[in-house]
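For what it's worth, the working numbering labels the leading residue of the sequence shown as 57, then goes sequentially.
Positions of the beta carbon are idealized from the N, C-alpha and C atoms, including for glycine.
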Amino acid sequence: MKQAASCYQAFFSAEDRFLNPHIVPGFEPDVIVDFIQSGLTLAGCYQSGTQMPNPLLQELFLRRVFFNLLQAINHRGHSRIFRRVCWDYLHCPLLALKKFYGNSEDGRRRFQRLQREIRQVQHSSGF
């Protein structure tokens, strides 16, 4: 239980830094990678084979990281560097979600919806 508490604390601290609009220039990659890594770690606490398997929470945190990155990419208030680093690391939660969804028909449909979201953001953001 202590492990989950520390994972939650790390995730929400990293998310607060990620969502803060005033990131010190030069530290963008550190903030983004820390957010992604803490989200993947927290989601990993709930995968099957762990002490607390919970696929709903696992998917929730993976999608939360994914969509926060998409929103940051599309947000014109962030610096171009911040948005570009988010774009470069978008594959991390995307691949984790692909693995989570598996090869079922429903899983493929869900993954295709995520890919459509990426294409829409790519079109609107200019990346």
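Locate the alpha helix (DSSP H) running through residue i, then write down its first and last residues.
i, result
"VAL111", "This sequence places Pro at residue 111; Val is not what is there. Start and end: 111-130."
"ILE174", "161-181"
"GLN65", "58-75"
"LEU96", "84-100"
"LEU150", "147-157"
Would residue i be called buried (16 or more neighbouring beta carbons within 10 Å of its own) or exposed?
i, result
"ASN159", "exposed"
"LEU170", "buried"
"PHE68", "exposed"
"ILE124", "Before going further, note that residue 124 is Asn rather than Ile in the sequence given. It is buried - the Cβ of ASN124 has at least 16 other Cβ atoms within 10 Å."
"VAL80", "exposed"
"PHE83", "exposed"
Please report the Cβ distance between residue i and residue j, rounded to the nearest whole angstrom; I am assuming they are in contact, meaning their Cβ atoms lie under 8 Å.
i, j, result
"LEU118", "VAL177", "Not a contact, Cβ separation roughly 17 Å."
"GLN103", "GLN114", "5 Å"
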